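Inspection log for the structure reproduced underneath, given as structure tokens.
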Amino acid sequence: MKKVVLVLSILCLSVGSGWAKRTPKPAEVDSLGRKIKTGWNFGILPSVAYDADYGFQGGLLANVYFYGDGSQYPEYIHSLYVEAAYTTKHHGIFRFNYDSKYLIPNHRLTLDATYLPDAMCDFYGFNGYQSVYHPSWHSWNKNPEKMTDKEAYQSRVFYKYKRDLIRVAGDIEGTIYKNLKWNAGLGVLGYIVNDCDINMLNGKNEFDPELARYNQKALDPNAKGLYDMYKDWGLIGKDEQNGGWHPYVRAGFTFDTRDKRQGPNKGIWTDAFFTYNAAFNAAYGQQATAGYNNLQFNFTFRHYVPCFVDKKGIQRITFAYRLGTQNLLAGNTPFYTNNYLSTLFIQRVLYEGLGGGNSVRGMMANRILAKGFAYANVEFRFRIVDFDIKHQHFFVGLNPFFDLGMVTQPYEIAEEVMTAHPEYFSQDKKDVYRPHMSAGVGLKIGMNENFVLSADWAMPVNEKYYMEQDNAKLANFYVKMGYLF
Numbered sequence: 000m001k002k003v004v005l006v007l008s009i010l011c012l013s014v015g016s017g018w019a020k021r022t023p024k025p026a027e028v029d030s031l032g033r034k035i036k037t038g039w040n041f042g043i044l045p046s047v048a049y050d051a052d053y054g055f056q057g058g059l060l061a062n063v064y065f066y067g068d069g070s071q072y073p074e075y076i077h078s079l080y081v082e083a084a085y086t087t088k089h090h091g092i093f094r095f096n097y098d099s100k101y102l103i104p105n106h107r108l109t110l111d112a113t114y115l116p117d118a119m120c121d122f123y124g125f126n127g128y129q130s131v132y133h134p135s136w137h138s139w140n141k142n143p144e145k146m147t148d149k150e151a152y153q154s155r156v157f158y159k160y161k162r163d164l165i166r167v168a169g170d171i172e173g174t175i176y177k178n179l180k181w182n183a184g185l186g187v188l189g190y191i192v193n194d195c196d197i198n199m200l201n202g203k204n205e206f207d208p209e210l211a212r213y214n215q216k217a218l219d220p221n222a223k224g225l226y227d228m229y230k231d232w233g234l235i236g237k238d239e240q241n242g243g244w245h246p247y248v249r250a251g252f253t254f255d256t257r258d259k260r261q262g263p264n265k266g267i268w269t270d271a272f273f274t275y276n277a278a279f280n281a282a283y284g285q286q287a288t289a290g291y292n293n294l295q296f297n298f299t300f301r302h303y304v305p306c307f308v309d310k311k312g313i314q315r316i317t318f319a320y321r322l323g324t325q326n327l328l329a330g331n332t333p334f335y336t337n338n339y340l341s342t343l344f345i346q347r348v349l350y351e352g353l354g355g356g357n358s359v360r361g362m363m364a365n366r367i368l369a370k371g372f373a374y375a376n377v378e379f380r381f382r383i384v385d386f387d388i389k390h391q392h393f394f395v396g397l398n399p400f401f402d403l404g405m406v407t408q409p410y411e412i413a414e415e416v417m418t419a420h421p422e423y424f425s426q427d428k429k430d431v432y433r434p435h436m437s438a439g440v441g442l443k444i445g446m447n448e449n450f451v452l453s454a455d456w457a458m459p460v461n462e463k464y465y466m467e468q469d470n471a472k473l474a475n476f477y478v479k480m481g482y483l484f
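Count the sequence shown with numbering that gives the first Met the number 0 and you get residues 0 to 484, in order.
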């Protein structure tokens, strides 16, 4: 906990050190009496964060906003975001993002180029609760001699595989009539998938078979993980075992009545879109993955309800919720793309689900891996206090929330595979569609309405057995940028 407090302290001090080119006169204020931002506003700070699934993160990020003459404040004219960081669990972030509603008149344009190397990507099997999770198999025990063979520690990468993701995307939005928008996008997702690199992860720690149960740092290069077993059982095909390249085209509609894009106080934001994903040039020279051409459909409904406005006109309490689903309409999808949550505009580093800080907070990342899924997020947003530091406008907020996710289109797992491996698969068919639920609270620190630091804590809230299946613990903590939705 001391580390978490230190991280938050560094972030708050760093955000406060940002500087801006300011031109407004004292009389130029917005409807709430705050000085309007104009010109360029720079936020440069260490990319220091924590995620229960990825560990502590270190690096550097910069977010640059251009407000012009301030006539549209708090909306910006241009936003540039650059980040380079790496985590203690070998997850990298190298990203450039551009967003503007003014580069092309009357159109919103977003461009994104991202490289995300992940030496230990989470893999807990297919269909959520249908895949039984054993915490002891990858969590080292200080007293291994007390554990039964069924509980025995296997490897800290038992539920991991190696996955590097390259993403290049462009999205554009235009107006049909008032709040009704059309959307289109092009992009490519490149995946490089393989077993974890044990030699790299071991480093100078040499594996000793006689001490394997007593040394979690030295991994057995011959030990099999769940990813290997799924390959052996035929649940992961040969043409998807090492990744591939997937260009896509996207089109849909948006209805948007929000009063602002970041942390809205009121309005509806809903979208429906189709994505056609192609597949070619499988990684490592394997056969082409043309069999994975597919058509997906996404629908998301977000509603922001104002609950309380203070005497100064500041919205202090907002009720916000999001309902969404992603489903396969035609074709087939490789397993490694089924935890990629498609979105019309890329604002966060990665929209991955279901499970983790970007979808169902408190649940393990990628816990629900299926061809189709649905999710819900419900929260109250309390804006506690507003203040200024060095001519920058800050606010502090508190957000209690409840999240839910469930399978809608499961993988078909052969009955003989399930009965042959009961320790890996639930024999209760109801577990396939059983919802995963979690609850928690978030802290928000915002600067100039657009730059928001988010710290969320959450844990599963299902009955005891299912809480254990989602690895309920008090360490499910996430420090990220922006609101979840």
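We put the beta carbon where it would ideally sit given N, CA and C, even for glycine. None of these values were measured; they are calculated from a predicted model.
Quiz item: In the region 307 to 361, which residue ranges form an unbroken beta strand (DSSP E) of at least 3 residues, counting only runs that do not cross its ends?
Solution: The region 307 to 361 is shown to contain whole beta strand (DSSP E) runs of 3 or more residues at 314 to 330, in chain order.
Self-check item: N198 (DSSP reduced to helix, strand or coil)
Solution: N198 falls in the helix class under three-state DSSP.
Self-check item: Rounded straight-line distance, which links the Cα of A375 to that of R315
Solution: Whole-angstrom Cα-Cα distance: 23 angstroms.
Practice problem: Express the C-alpha separation of E351 and P116 in angstroms, rounding to a whole number. | Solution: The alpha-carbon atoms of P116 and E351 are separated by roughly 14 angstroms.
Practice problem: Could you tell me whether any Cβ in chain D is nearer than 9 angstroms to the Cβ of V167? | Solution: Given the protein chain composition of this structure (a single chain), no chain D is represented.
Quiz item: Roughly how far, in whole angstroms, is the beta-carbon of F157 from the beta-carbon of G224, given that I think they are within contact range, below 8 angstroms?
Solution: Rounded, the Cβ-Cβ distance is 5 angstroms, consistent with contact.
Quiz item: Which residue's Cα is closest to the Cα of A118: Q346, T317, K88?
Solution: Taking only the C-alpha atoms, the option nearest A118 is K88.
Quiz prompt | Inside the region 349 to 420 only - beta strand (DSSP E) runs reaching at least 3 residues | solution = 371 to 388, 391 to 408, all fully within the region 349 to 420.
Practice problem: For Q346, verify whether its CB is less than 8 angstroms away from any heavy atom of the ligand GTP. | Solution: Among the components of this structure there are no ligands whatsoever, and the ligand GTP is therefore not found.
Quiz item: Can you check whether the CB of S135 is closer than 9 angstroms to the CB of A151?
Solution: In contact: A151 and S135 (Cβ atoms closer than 9 angstroms).
Quiz item: By DSSP, does P25 sit in helix, in strand, or in coil?
Solution: Note on P25: pLDDT 41, under 50, position unreliable in the model; no value is reported.
Exercise. Please list, in chain order, all residues of the same chain as H507 whose beta carbon is under 8 angstroms from its beta carbon, the five residues on each side excluded.
Key: The question about residue 507 has no answer here: the residues shown for the chain are numbered 0 through 484.
Quiz item: Okay, do the region 167 to 184 and the region 103 to 113 touch, 3+ Cβ pairs below 8 angstroms being the bar?
Solution: Yes: at least three Cβ pairs fall under 8 angstroms.
Quiz item: Three or more C-beta pairs closer than 8 angstroms, one from the region 176 to 191 and one from the region 85 to 104: is that the case here?
Solution: No, they do not touch.
Exercise. Using three-state DSSP, classify Q285 as helix, strand or coil.
Key: Note that Q285 scores 49 on pLDDT, short of 50, meaning its location in the model is unreliable; the coordinates nonetheless yield the value given after this. Reduced to three states, the DSSP call for Q285 is coil.
Quiz prompt | Range of the contiguous alpha helix (DSSP H) that encloses D270 | solution = Looking at the DSSP string, D270 is not in any alpha helix (DSSP H); the run it does join, the beta strand (DSSP E), is 266 to 276.
Quiz item: Taking three-plus beta-carbon pairs below 8 angstroms as touching, is the region 446 to 459 in contact with the region 409 to 428?
Solution: At 8 angstroms Cβ cutoff, the stretches do not touch.
Exercise. May I have the straight-line CA-CA distance separating F400 from D50, to the nearest angstrom?
Key: Taking the straight line joining both Cα atoms gives about 18 angstroms.
Quiz item: Going by DSSP, what residues sit across from A438 in a beta bridge?
Solution: Under DSSP, the beta-bridge partners assigned to A438 are F401, M458.
Self-check item: Euclidean distance between Cα positions of G441 and P263
Solution: Going from the Cα of G441 to the Cα of P263 covers about 16 angstroms.
Practice problem: Determine the contact status of A278 and N292, defining contact as a CB-CB distance below 9 angstroms. | Solution: Note that the C-beta distance between A278 and N292 is below 9 angstroms.
Practice problem: Indicate the three-state DSSP secondary structure (helix, strand or coil) for S135 in the structure shown. | Solution: Helix, per DSSP.
Quiz item: Near A329, what residues of its chain come up, given a Cβ to Cβ distance below 8 angstroms and the 5 sequence neighbours on each side ignored?
Solution: Excluding residues within five positions, the ones whose Cβ falls inside 8 angstroms are N293, L294.
Quiz item: What three-state label does DSSP hand K485 in the structure shown?
Solution: As displayed, the chain neither begins before 0 nor continues past 484, which places residue 485 out of reach and without an answer.
Self-check item: L487: first and last residue of the uninterrupted beta strand (DSSP E) it sits in
Solution: This structure cannot speak to residue 487, because the chain is shown only from 0 to 484.
Quiz item: What does DSSP give as the partner residues of V167 in its beta bridges?
Solution: A112, V187, per the DSSP bridge assignment.
Quiz item: Got a sec, what are the start and stop residues for the alpha helix (DSSP H) K230 sits in?
Solution: Note, K230: alpha helix (DSSP H), 225 to 231.
Quiz item: What is the DSSP secondary structure of Q468, reduced to helix, strand or coil?
Solution: Residue state, collapsed to three classes: helix.
Self-check item: Secondary structure of Q426, DSSP reduced to three states
Solution: Three-state DSSP puts Q426 in coil, outside helix and strand.
Exercise. Taking the CB atoms as reference points, tell me whether D194 and D227 lie closer together than 9 angstroms.
Key: Annotated as proximal: D194 and D227, with beta-carbon spacing under 9 angstroms.
Quiz item: With which residues is Y303 paired in a DSSP beta bridge?
Solution: Beta-bridge pairing links Y303 to G266, A319.
Exercise. Would you identify the three-state DSSP class for Y160, choosing helix, strand or coil?
Key: DSSP places Y160 within a strand segment (E or B) once states are collapsed to three.
Quiz prompt | C-beta contact flag for E172 and F393 at 9 angstroms | solution = Going by C-beta atoms, E172 is not nearer than 9 angstroms to F393.
Self-check item: Residue range of the beta strand (DSSP E) that includes A40
Solution: Reading off the sequence shown, one finds Asn at residue 40, where the question assumed Ala. Counting along the chain, the beta strand (DSSP E) containing N40 begins and ends at 39 to 45.
Quiz item: Roughly how many angstroms separate the alpha carbons of G371 and V187, rounded to a whole number?
Solution: Using only the alpha carbons, I get a separation of about 21 angstroms.
Quiz prompt | Whether T256 touches G266 by CB criterion (9 angstroms) | solution = For T256 and G266, yes; Cβs fall inside 9 angstroms.
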